[in-house]
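These notes are about the structure you will find just below.
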Amino acid sequence: MCGRGRARPTRGDPRCATLSTRTSTISEQLVARLAGSAISRATTALLDADLHLAESVIASNEEIDALRRELDEHTVDLLARQQPVATDLRMVVTAMRMGSDLERMGDLARHVAEVARLRYPDCAIHPVMRTTVEQMGRVAERIVTKAGSVIEDRDIETARALEVDDDEMDRLHRDIFTMLVDGKWQYGTEAAVDATLVGRYYERYADHAVSVARGLVYLVTGEFRDPALPDSKQA
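Counting with the working numbering, you get residues 38 to 272 for the letters of the sequence shown.
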């Protein structure tokens, strides 16, 4: 067994290894759907007022939710049947947290698409905000691509590098607020609300990707705190 029971706990049980492989596969599928589709298409739908594209992002979110449910079923089954310990237990804990973050990223891409749908046939983003939102979309795509590499290769250095991308997203998020509160905003409440919501969705998207990366560091090192990061980045 890979945990407690009548037999003495052991590490590296084949059944745990099988689940680890399946968990990685599901997680990679989740990231692939996000990296190759959802957030990229949601950004395009938002900036181009593309209703068809927005609807497709919203509809495809159910596939991400289904993968998350499958991941949960595998991890709960292992906890119930095998009672994993040591590295195997870290794998299960990380998989459950990672699945939650990846599903939430899908939800946030859907929220961006919903803003685009709400304002159709108009564009939800005022031209003065367009460049900033385009940059946020590019950062989101870069972050989720790196997150996919982190999951596939268990690359701690790439995981740590995501913190830099997250800082860039935070800066862009602040830029949006600066434009809204500097006293020069004259484009209406509706445009301000849309910009505020969209900025928050992208900022949280990046935060969840960083959480995925931190989970990977925990899986590999067994440490919740990463000694390579300053205290301000450990939250």
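C-beta: ideal position from N, C-alpha, C; glycine also.
Since this is a predicted model, take the numbers as computed values, not measurements.
- Look at residue 221 here: in three-state DSSP terms it is coil, with no helix or strand label.
- Cβ-Cβ distances below 8 Å link residue 203 to 180, 243, 244, 246 and 247 in the same chain, with the five nearest sequence neighbours on each side left out; the list follows chain order.
- Look at residue 102 here: in three-state DSSP terms it is helix.
- Residue 166 holds the alpha-carbon nearest to the alpha-carbon of residue 215 among 62, 86, 166 and 193.
- For residue 188, the secondary structure class from DSSP, reduced to helix, strand or coil, is helix.
- In the displayed model, residue 76 falls within a helix according to three-state DSSP.
- Nearest Cα to residue 105 within the set 93, 220 and 137: 137.
- Ranked by Cα distance from residue 84, the first of 150, 229, 195 and 128 is 150.
- Judged by their CB atoms, residue 175 and residue 231 are not nearer to each other than the 8 Å cut-off.
- Under the DSSP assignment, residue 255 falls in the alpha helix (DSSP H) whose first and last residues are 226-258.
- DSSP places residue 159 in the coil class of the three-state scheme, outside both helix and strand.
- Residue 86 carries a coil assignment under DSSP once its states are collapsed to helix, strand and coil.
- Between the region 231-240 and the region 207-214 there are three or more C-beta pairs closer than 8 Å, enough to call the two in contact.
- Here the alpha carbon of residue 111 sits roughly 13 Å from the alpha carbon of residue 131.
- Closest by C-alpha distance to residue 77, out of 206, 187 and 177, is 177.
- Here residue 240 is buried, its C-beta having at least 16 other C-beta atoms within 10 Å.
- With distances taken between CA atoms, residue 257 lies nearest to 188 out of 206, 188, 223 and 172.
- Under the 10 Å beta carbon count, residue 148 is surrounded by 16 or more other beta carbons and is classified as buried.
- The closest CA to that of residue 62, considering only 159, 93, 141 and 108, is found on 108.
- Each of 228, 191, 142 and 82 was checked against the Cα of residue 99, and the nearest Cα belongs to 142.
- Put simply, the backbone Cα of residue 160 is about 42 Å away from that of residue 255.
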